[in-house]
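Before any comments, here is the structure.
There are 2 protein chains.
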Amino acid sequence: MIEPTTPDSCQHCLQKCDAFQALSLSEMEILHEAKYDTAYRTGEVIAKQGAPISHLVSLNEGLVKVVLETPGEQDIIISIEKPVFILTGPGLFVDNRYHFSVIAISECRTCYLEIQQLHKLIDTNPDFAKRFYKNMGERDILLYNRIRSLNQKNMAGRISEALLNLHKIIFETNPFDFILTRQELGEFTGMTKESVSRILKEFREEGLIEIDDRKVEILDFDKLRDISRKG
Amino acid sequence: MIEPTTPDSCQHCLQKCDAFQALSLSEMEILHEAKYDTAYRTGEVIAKQGAPISHLVSLNEGLVKVVLETPGEQDIIISIEKPVFILTGPGLFVDNRYHFSVIAISECRTCYLEIQQLHKLIDTNPDFAKRFYKNMGERDILLYNRIRSLNQKNMAGRISEALLNLHKIIFETNPFDFILTRQELGEFTGMTKESVSRILKEFREEGLIEIDDRKVEILDFDKLRDISRKG
DNA sequence: AAAAAATTATGATTTATGTCAAGTATTAAA
DNA sequence: TTTAATACTTGACATAAATCATAATTTTTT
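First to last, the sequence lines map onto chains G and W.
Those letters in the first sequence? Residues 0 to 230, by numbering that gives the first Met the number 0.
Those letters in the second sequence? Residues 0 to 230, by numbering that gives the first Met the number 0.
What follows is the structure in structure tokens.
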């Protein structure tokens, strides 16, 4: 069990997140007094689809998957997120429920802000509100891209895209940790785990990537981008 | 060419739309003075993916398709919308661009509100803002369902779902106008027009629906719901 | 370290859906 | 009304991806 941290101030975490940069110091302090934090282990559910949104949860450490739980066996992974990630969903102003689950895929630390505090900030600080909605809009735009690629790209294109995105957005190193299981990468790219295996094998054989000891290295970015684009 | 209408007041149209019910009469009047309206014929583009959002467009009459334009030949129809529909998109607070196109699929009337007016309302009327975002959230939730069904349901399930939704949300009558071409229904359900033909034929043969003279009638709701659910 | 459990790899086969092609019906234009 | 253009139907065939089955790894537990 990892210990929750209690940082001196919210400033450190929240200033990394665009919306909260609109807050005055006094607003920050009010948040800080109200907040408390928690630690999660891999696999634990941080937010559960269908459950009420009681707090605004902020991911301060670790990686999570945003999962659409479906009636069938195979879920859909909408995105992988790293800190600082604010777990807002479309339900915030609708039915106050989560419309997806957020699950730790490494050890995570989060902190919680009272949801009333959030609504208060939105009501009283238009700049904050705009930035907050901007953030929601950005996630939305990514969703549209998601629909497009799941719908129209072939398997190789989807895997290429996933690898490039994990590299570019999450890890920013090469090689990078291959945290996802084949099953998860399948849920992220809309295919079975067997198909994931096969595509990765092809990519290895063609010298596009290298997989070793839970790490992937992208060897041929251009080719991979090309495959991703053509889909 | 159909003539644009100039109603006495915006009240009529906008009061059908949740967000605008939060406006005071004086706020309404300001909007009314600033607005102007237009008529569109079938097939005309009301909002173009990639273009800047200069105004908040409100659909007051007619039906539109919300289309994700893609590099390939087959686009993706996100939804079909009827009045009163406010054409907001995720770009509003991000890059001020449309991330999808909105195209008339019947004769349409729209009116335009200056985008600054909208921002002003959001800044000064928190109740309006909340309702406005609620609306965005609702559309977002539908998007998640869309991803799920495009990804995991088979063709019959997707067509069933589409027919049931057109009936329930858009037309509310049975039989109802079959405004979509097979191509469009294919873009709405993520399949080719040929596959649409085949599934519709099956449904006809099994007595689930009846198609006549540009109209569909749903004969067996339960069975169709069942097919949609099982996917 | 040994055993058990989970994850991954890979081949054989099946299935859903797309593609191509040709013909018919419907709508729009001359 | 006749012609041209578009939309729809249907069949034969091709193919991408899923499923099933089994073995080989790797990870976790004892």
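The beta carbon of each residue, even a glycine, is placed where N, CA and C say it ideally should be.
Note that the coordinates shown come from a computational prediction; the quantities given were computed from them, not determined experimentally.
In the structure shown, what three-state DSSP assignment does residue i receive?
i: Ala38(G); result: strand
i: Phe46(W); result: First, the amino acid is wrong: residue 46(W) is Ala here, not Phe. If DSSP states are grouped into helix, strand and coil, Ala46(W) belongs with the strands.
i: Thr109(G); result: strand
i: Val215(G); result: strand
i: Ile178(G); result: coil
i: Glu68(G); result: coil
i: Ile77(G); result: strand
i: Met0(G); result: Reliability of the predicted coordinates at Met0(G) is poor, the pLDDT of 48 falling under 50, and no value is obtained from them.
i: Leu165(W); result: helix
i: Glu209(W); result: strand
i: Val195(W); result: helix
i: Ile85(G); result: strand
i: Glu183(G); result: helix
i: Ile121(G); result: helix
i: Ile52(G); result: coil
i: Ser231(W); result: As shown, chain W starts at 0 and ends at 230. That puts residue 231(W) outside it, with no answer to give.
i: Thr5(W); result: Only weak support exists for where Thr5(W) lies, its pLDDT of 49 falling under 50; the value from the coordinates is given anyway. Of the three classes helix, strand and coil, the one that applies to Thr5(W) here is coil, per DSSP.
i: Ile104(G); result: coil
i: Leu232(G); result: Since the displayed chain G opens at 0 and closes at 230, residue 232(G) lies outside it and no answer follows.
i: Asn134(G); result: helix
i: Asn59(G); result: strand
Check whether the Cβ of residue i lies closer than 9 Å to any Cβ atom in chain G.
i: Glu205(W); result: no
i: Val195(W); result: no
i: Leu142(W); result: yes
i: Met154(W); result: no
i: Cys110(W); result: no
i: Pro174(W); result: no
i: Asp17(W); result: no
i: Met0(W); result: Confidence at Met0(W) is low in this model, with a pLDDT of 49, below 50, so the placement of that residue should be treated as unreliable; the coordinate-derived value is given next. Not an interface residue.
Distance cutoff 9 Å, beta carbons only. Does residue i sit that close to anything in chain W?
i: Val93(G); result: yes
i: Phe99(G); result: yes
i: Arg181(G); result: no
i: Gln151(G); result: yes
i: Met135(G); result: yes
i: Ser227(G); result: no
i: Arg145(G); result: yes
i: Thr69(G); result: yes
i: Gly185(G); result: no
i: Pro51(G); result: no
i: Ala161(G); result: no
i: Ala128(G); result: yes
i: Ile102(G); result: no
i: Ile198(G); result: no
Between the options, which has its C-alpha nearest residue i's C-alpha?
i: Ile29(W); options: Ala38(W), Leu117(W), Ser196(W), Phe170(W); result: Leu117(W)
i: Arg197(W); options: Arg181(W), Asp211(W), Gln20(W); result: Arg181(W)
i: Gln151(G); options: Tyr39(W), Asp36(W), Gly71(W); result: Gly71(W)
i: Lys15(G); options: Ser53(G), Pro89(G), Asn59(G); result: Asn59(G)
i: Asn153(W); options: Glu113(W), Gln20(W), Ser23(W), Ser227(W); result: Ser227(W)
i: Leu13(W); options: Leu163(W), Phe127(W), Pro89(W); result: Phe127(W)
i: Gly88(W); options: Ile208(W), Ser57(W), Gly185(W), Arg224(W); result: Ser57(W)
i: Gly189(G); options: Gln20(G), Ile75(G), Phe220(G), Ala21(G); result: Ile75(G)
i: Gly185(W); options: Ala155(W), Thr172(W), Arg203(W), Lys167(W); result: Ala155(W)
i: Gly21(W); options: Arg130(W), Thr191(W), Thr41(W), Ile114(W); result: Sequence check: residue 21(W) is Ala here, not Gly. Minimum Cα distance to Ala21(W) is reached at Arg130(W).
One question on the structure: do residue i and residue j come within less than 9 Å of each other, judged by their Cβ atoms?
i: Val66(W); j: Ile77(W); result: yes
i: Phe187(W); j: Lys64(W); result: yes
i: Thr109(G); j: Ile45(G); result: yes
i: Glu160(W); j: Ile104(W); result: no
i: Tyr143(W); j: Phe99(G); result: yes
i: Leu120(W); j: Glu32(W); result: no
i: Glu43(G); j: Leu62(G); result: no
i: Leu149(W); j: Arg138(W); result: no
i: Glu106(W); j: Tyr35(W); result: no
i: Tyr97(G); j: Leu55(G); result: no
i: Asn134(W); j: Ala18(W); result: yes
i: Ile146(G); j: Leu91(G); result: no
i: Leu179(W); j: Leu165(W); result: yes
i: Glu216(G); j: Phe170(G); result: no
i: Gly230(W); j: Asp219(W); result: no
For residue i, return the contacting residues in chain G, with the cut-off set at a CB-CB distance below 9 Å.
i: Ala38(W); result: Going along chain G, no residue has its Cβ under 9 Å from Ala38(W), so there is no contact; the nearest lies around 28 Å.
i: Tyr35(W); result: Per Cβ cutoff of 9 Å: no residues; Tyr35(W) is ~26 Å from chain G at best.
Using the beta-carbon of each residue, which ones in chain G are nearer than 7 Å to residue i?
i: Asp139(W); result: Pro89, Asp139
i: Asp122(W); result: Pro125
Given that residue i touches chain W, what residues does it touch there, using C-beta distances under 7 Å?
i: Asp219(G); result: The contacting residues do not exist; Asp219(G) stays about 22 Å from chain W at best.
i: Ile75(G); result: Ile146, Arg147, Asn150
Quick one: list the residues of chain W neighbouring residue i, beta-carbon separation under 8 Å, in chain order.
i: Ser82(G); result: As written in the sequence, residue 82(G) is Pro, which differs from the Ser given in the question. Neighbours of Pro82(G) on chain W: none; closest Cβ ~21 Å, over 8 Å.
i: Gly189(G); result: Asn150
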